[in-house]
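Written out below as structure tokens is the structure these notes cover.
In structure tokens form, the structure reads like this:
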């Protein structure tokens, strides 16, 4: 249930899209085009990185071609450097220290920025101090907050399996709170700040809407409007607008969601492996575990032995499983059914992956996803797996 939360990853497809417009070095750094040679430098990042003498420092962008280099420099014997290059407009980039290291600072950057950086190789990602840009003060304040959250999240991940998913979620919400508060306050007070394109992901419903603050949508709208005015035509402004529109659409769907506990389970009528149509409602009179999975989903496959165990234990007491695959390849789907020994007869799929209408009907944001349904077709629980599912069935069947 708990995902690794890295604030800037949510918009990874669009946040680095500036690299598709930018003149970048892709592959052989010794080859430059006439167009590249004619571009003038329009940004500067300079400063000192302690304990990093003679290290290389890169400014990189992510594009559809992968990570590409924008600029590179070598620190002197005292760790001092000056990095210059050309970017097409507002965007998000990463500063990478070392040729093979994963020491990264993710930052916003605009043309004409003249940024000063003071950092240490020992804690390059945790406590960099930046100045000189409209966004640097915000980033300098935010970075240690996010670094602390990230460390605490790593520790929390180690508890997965030893505590319930519900308790795991409670602890996650608690440790993420400082990130949320900082993002909400900063974005509300300074909606046009470029760094908001990073902060905004903290306010999106990555963990669903049950623990999401609806006022986040108002803040995202405010920021989107400010970006459209401050950076007209910029891809980042367009990305903010698209993100806000998507969150609003998802939230409206959530408000009208019929797939929540206490509601009747939306009907599903999909093809079996033999092509005949099987409807969820045909299983009325049984407790049904509606299980959304796929052959390519590792966590789903790892959960299957537990579902098999529970099916065999309670199948004679009025319990069955209705498996809906989000596969697109029929052979892979049937192969996984056979390989994992999924012996119940209720398997369906339209082989449409995430385009299947069941995804929207049940508001599925990730798999495995389960819905426990009572004999009357009413939803009892959503998201039960492992020990929690086992305990729920034990309570129902008293055995």
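Residue numbers (my numbering): 458 to 856. C-beta atoms are modelled at their ideal positions from N, C-alpha and C, and glycine is treated no differently.
Start-to-end residues for the alpha helix (DSSP H) that takes in residue i
i: residue 768; result: 755-771
i: residue 675; result: 672-687
i: residue 669; result: Note, residue 669: premise wrong, no alpha helix (DSSP H); not H, not E.
i: residue 824; result: Element bounds for residue 824: n/a, residue is neither H nor E.
i: residue 559; result: Taken as a continuous stretch (DSSP letters only), residue 559 belongs to no alpha helix (DSSP H), as it is neither H nor E.
i: residue 727; result: Looking at the DSSP string, residue 727 is not in any alpha helix (DSSP H); the run it does join, the beta strand (DSSP E), is 726-728.
i: residue 663; result: Here residue 663 belongs to no alpha helix (DSSP H), and DSSP marks it neither H nor E.
i: residue 722; result: Unbroken run through residue 722: none, as it is neither H nor E.
i: residue 851; result: 843-854
i: residue 740; result: Looking at the DSSP string, residue 740 is not in any alpha helix (DSSP H), and its letter there is neither H nor E.
i: residue 653; result: 653-656
Beta carbon proximity, residue i to chain B, threshold 8 angstroms
i: residue 836; result: Structure shown: chain B not included; a single protein chain is present.
Inter-residue spacing [alpha-carbon to alpha-carbon] between residue i and residue j
i: residue 630; j: residue 709; result: 23 angstroms
i: residue 752; j: residue 792; result: 8 angstroms
i: residue 797; j: residue 782; result: 14 angstroms
i: residue 458; j: residue 537; result: Because residue 458 sits at a pLDDT of 34, beneath the cut-off of 50, its placement in the model cannot be relied upon, and the following sentence gives the value as read from the coordinates. Approximately 44 angstroms, taken between the alpha carbons.
i: residue 693; j: residue 524; result: 18 angstroms
i: residue 573; j: residue 593; result: 9 angstroms
i: residue 549; j: residue 614; result: 28 angstroms
i: residue 560; j: residue 576; result: 12 angstroms
i: residue 853; j: residue 732; result: 34 angstroms
i: residue 707; j: residue 698; result: 14 angstroms
i: residue 566; j: residue 777; result: 55 angstroms
i: residue 491; j: residue 512; result: Here residue 491 scores only 40 on pLDDT, less than 50, and its place in the model is too uncertain to base an answer on.
i: residue 677; j: residue 774; result: 50 angstroms
i: residue 500; j: residue 590; result: 11 angstroms
i: residue 539; j: residue 580; result: 20 angstroms
i: residue 498; j: residue 543; result: 5 angstroms
i: residue 437; j: residue 642; result: Residue 437 lies beyond the residue range present for the chain, which begins at 458 and ends at 856; the question has no answer from this structure.
i: residue 723; j: residue 636; result: 36 angstroms
i: residue 744; j: residue 680; result: 46 angstroms
i: residue 505; j: residue 552; result: 13 angstroms
i: residue 475; j: residue 713; result: The pLDDT assigned to residue 475 is 39, lower than 50, so where the model puts this residue is not dependable, and the model offers no usable value.
i: residue 634; j: residue 656; result: 13 angstroms
i: residue 541; j: residue 588; result: 16 angstroms
i: residue 480; j: residue 546; result: Its pLDDT being 39, under 50, residue 480 is placed unreliably by the model, and the measurement read from it follows with that caveat. Computed Cα separation, rounded: 11 angstroms.
i: residue 691; j: residue 739; result: 52 angstroms
i: residue 695; j: residue 672; result: 21 angstroms
i: residue 645; j: residue 729; result: 51 angstroms
i: residue 496; j: residue 597; result: 30 angstroms
i: residue 746; j: residue 811; result: 20 angstroms
i: residue 736; j: residue 766; result: 24 angstroms
i: residue 564; j: residue 654; result: 10 angstroms
i: residue 507; j: residue 526; result: 23 angstroms
i: residue 530; j: residue 827; result: 51 angstroms
CB-CB length for residue i against residue j, believed under 8 angstroms
i: residue 604; j: residue 582; result: 7 angstroms
i: residue 652; j: residue 595; result: 5 angstroms
i: residue 784; j: residue 808; result: 6 angstroms
i: residue 790; j: residue 813; result: With 8 angstroms as the limit, residue 790 and residue 813 do not qualify as a contact, their Cβ atoms being about 12 angstroms apart.
i: residue 725; j: residue 815; result: 6 angstroms
i: residue 518; j: residue 532; result: The pair is not a contact, with the Cβ atoms about 21 angstroms apart (cut-off 8 angstroms).
i: residue 771; j: residue 829; result: Between residue 829 and residue 771 the Cβ distance is about 12 angstroms, and since that is not below 8 angstroms, they are no contact.
Residues near residue i by beta carbon distance below 8 angstroms, same chain, minus five either side
i: residue 825; result: 748, 749, 750, 754, 756, 757, 760 and 842
i: residue 601; result: 583 and 584
i: residue 632; result: 606, 609, 610 and 613
i: residue 848; result: none
i: residue 763; result: 842, 843, 846 and 847
i: residue 717; result: 836 and 839
i: residue 623; result: 845
i: residue 817; result: 710
i: residue 855; result: none
i: residue 621; result: 844 and 845
i: residue 831; result: 744 and 837
Residue span of the beta strand (DSSP E) that contains residue i, given as start and end
i: residue 865; result: This structure does not reach residue 865, given that the chain is present from 458 up to 856, and the question cannot be answered.
i: residue 548; result: 548-554
i: residue 748; result: 744-750
i: residue 690; result: Note, residue 690: premise wrong, no beta strand (DSSP E); not H, not E.
i: residue 502; result: 500-507
i: residue 735; result: 734-736
Cutoff 6 angstroms; reference residue i; Cβ partners in own chain excluding five residues on either side
i: residue 649; result: 683 and 687
i: residue 668; result: 630
i: residue 834; result: 721, 722 and 741
i: residue 795; result: none
Sequence-distant residues of its chain with Cβ nearer than 7 angstroms to residue i (five each side left out)
i: residue 639; result: 599 and 602
i: residue 704; result: 661, 662, 674 and 677
i: residue 616; result: 625
i: residue 787; result: 808
Residue i: CB within 7 angstroms of a non-hydrogen atom of the ligand ADP
i: residue 563; result: Absent from the structure shown: the ligand ADP. Ligands present: none.
Item to check | Completely contained beta strand (DSSP E) runs for the segment 563-646, where each covers 3 or more residues | outcome: As for any beta strand (DSSP E) of minimum length 3 sitting wholly inside the segment 563-646, the runs are 571-577 and 586-588, ordered along the chain.
Item to check | Continuous alpha helix (DSSP H) assignments of at least 4 residues falling wholly in the segment 780-841 | outcome: Whole alpha helix (DSSP H) segments, 4+ residues: 787-797 and 814-818.
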